[in-house]
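For the sequence shown, the numbering used here gives the first residue as 2, with consecutive numbering after it.
We put the CB at the ideal spot given by N, CA and C, even for glycine.
Only one structure is covered here, and it is reproduced in the block below.
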Amino acid sequence: MTNTDSWELSEELTMLQDTVRRFMVNDVQPIEDQVPHDTFELPSKLLEPLQKKARDLGLWCIRTPSEYGGTGLDLMGQIVVSEEAAKCRMGAYVPACGAFGSDPPNVIFKGSQDQIERFALPAIQTGEKPFTAITEAGGGSDPRRSIRTRAVRKGDRYIVNGTKMYITGAGQARWGILYARTEMEDGRDGITCFVVETDKPGFEARPIPVIRSYSPYELVFEDYEIPIENRIGEEGQGFTLAEHWLVQGRLPYSAGVIGIAQAALDMAIDWAKQRETFRSPLADKQAIQWMIADSEVELRAARLLTYQAAWRGALGHDIKVDASIAKLYSTETAGRVIDRCVQIFGSLGVSNELPLERWYRELRIKRIGEGPSEVHRMVIARDLLHQQKGRN
Ligand SMILES: Cc1cc2nc3c(=O)[nH]c(=O)nc-3n(C[C@H](O)[C@H](O)[C@H](O)COP(=O)(O)OP(=O)(O)OC[C@H]3O[C@@H](n4cnc5c(N)ncnc54)[C@H](O)[C@@H]3O)c2cc1C
């Protein structure tokens, strides 16, 4: 696809894909077999050797710019790695079981040099995961309107009061990015971005159990003080600063769900060839063949949409709609594929002998997180309905 004369990956991307594939099969998957089914964090004695090997391979915080110690892959590189890194039991939530570290929310790189040095660099060094807190009880689909958490300026600090909901990683993180409302008189939405530290008074994190074993958190801010030097950008710039990253982030997200669905389909094909019912393998039954064929067709389409969006992004186009199309189609496809694969495995598909039932639960979240399917449909339809000119 990145060759000008063919639809194949460039030599460089193919090598990257092979490297990650081999690392997953030879290093990550055998380690993961040593921990319980629903584990979301490897113990450090298993994780550290994996992380060391990943760093030696040049795979560390893949989205983080190389000047700050990440691999700094472009969008095409990110999706190639994300697809392969998802192919393990905990891959829906923790790509490569955490071997590649965790990119800090990229909006931090729009901050001051001091913010980058105090917050981003130590997190990149250790690979720990800071959180991003946008969603509130009043709704996550339309945060520009539903954010009620307030940050009120008092001299050289802000006093924050409010509650965030379903925030991933907030129980373990040392810091995170908070989107809160500041007063604006010029008509802007007044959403401002801050770095918040979790060891300061007035901050509390409580787990919210959900469909998967790893709970997101409710965050309560009560007269929580943020020094002005922890504000990123100007007041009211919060989403303007972050939008580029939020949009781009949908592509590795899409590639990850495609990777999991592909792994499930490969398992289902192997199983269909060996499992016999009514004196012949499942693979001979048309009902099963159609499930396999439909899954293959839809996965190829999802992959192409994701690759095309990344390729357009790399050329510098605005990919807001392309990213919504890729996110919508890949997460809905992955949901259908995993459902068919579970069906092909029968009882084994819903048991915890296999990763399928875990993927089934985690893939269900993917149609809600990073914007529910309906919001992406709205973005796509709005764009089409508001186009001034006809399409080529
Ligand atoms: C496991 C998990 C982890 C999460 N991690 C984070 C995190 O780290 N940080 C963070 O900020 N948030 C996080 N979230 C929250 C997530 O981003 C929100 O759940 C999501 O944005 C949807 O918001 P909501 O749940 O409030 O649903 P609502 O906004 O209340 O929407 C409910 C439903 O209404 C429908 N809907 C909404 N808008 C429209 C529309 N325009 N047209 C038609 N139908 C519509 C959709 O079906 C949607 O699912 C997480 C959620 C989960 C489940």
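Note: F279 is not bridge-paired with any residue in the DSSP secondary-structure output. Of the candidates K328, L266 and R207, the residue whose Cα lies closest to the Cα of R378 is K328. Counting only residues of its own chain and dropping the five nearest sequence neighbours on each side, S325 has a CB closer than 6 Å to the CB of H377, V380 and I381. For T199, no beta strand (DSSP E) run applies, since DSSP gives it neither H nor E. Counted as a single uninterrupted DSSP element, the alpha helix (DSSP H) harbouring T334 occupies residues K321 to F346. Beta-bridge partners assigned by DSSP to V221: T164 and E205. For V153, the enclosing beta strand (DSSP E) starts and ends at R151 to K155. Per DSSP, F24 is one residue of the alpha helix (DSSP H) stretching across E12 to F24. In terms of CA proximity to L349, W272 leads the group E363, W272, E297 and G139. Between the stretch 99–112 and the stretch 140–160, the count of C-beta pairs closer than 8 Å stays below three; the two stretches do not touch. Counting C-beta pairs with one atom in each stretch, the stretch 194–203 and the stretch 231–245 have three or more that are closer than 8 Å, which means they touch. Between the stretch 139–150 and the stretch 202–218 there are fewer than three inter-stretch CB-CB distances shorter than 8 Å, so the stretches are not counted as touching. Distance from the CA atom of K53 to the CA atom of I117, rounded to whole angstroms, is 24 Å. Secondary structure at G314: helix, using DSSP grouped into helix, strand and coil. Only residues of its own chain outside the window of five on either side were considered, and among them L76 and I320 have a CB closer than 6 Å to the CB of G314, listed in chain order. Using a Cβ distance threshold of 8 Å, A335 and A262 count as a contacting pair. Under DSSP, Y180 forms a beta bridge with C194.
The stretch 51–82 is shown to contain no whole beta strand (DSSP E) run of 3 or more residues.
Ligand 1 has a heavy atom closer than 7 Å to the beta-carbon of S142. Where A134 is concerned, the enclosing beta strand (DSSP E) starts and stops at F132 to A134.
By the neighbour-count criterion, in which a residue is buried when 16 or more other Cβ atoms sit within 10 angstroms of its Cβ, F24 is buried. The criterion of a C-beta distance shorter than 8 Å is satisfied by V258 and K367. Between the stretch 352–369 and the stretch 240–253 there are fewer than three inter-stretch CB-CB distances shorter than 8 Å, so the stretches are not counted as touching. Judged by DSSP secondary structure, W360 falls within the alpha helix (DSSP H) whose first and last residues are L357 to I366. Straight through space, the alpha carbons of L179 and F346 are spaced by roughly 43 Å. Note on the stretch 234–293: whole alpha helix (DSSP H) runs with a minimum of 4 residues are 239–275, in chain order.
Closest in C-alpha terms to V338, from the list P123, A55, D34 and W291, comes W291. A buried status is given to T72, since no fewer than 16 other beta-carbon atoms sit within 10 Å of its beta-carbon. Bounds of the alpha helix (DSSP H) holding E375 are S374 to H387. Rounded to whole angstroms, the gap between the alpha carbons of L51 and R365 is 28 Å.
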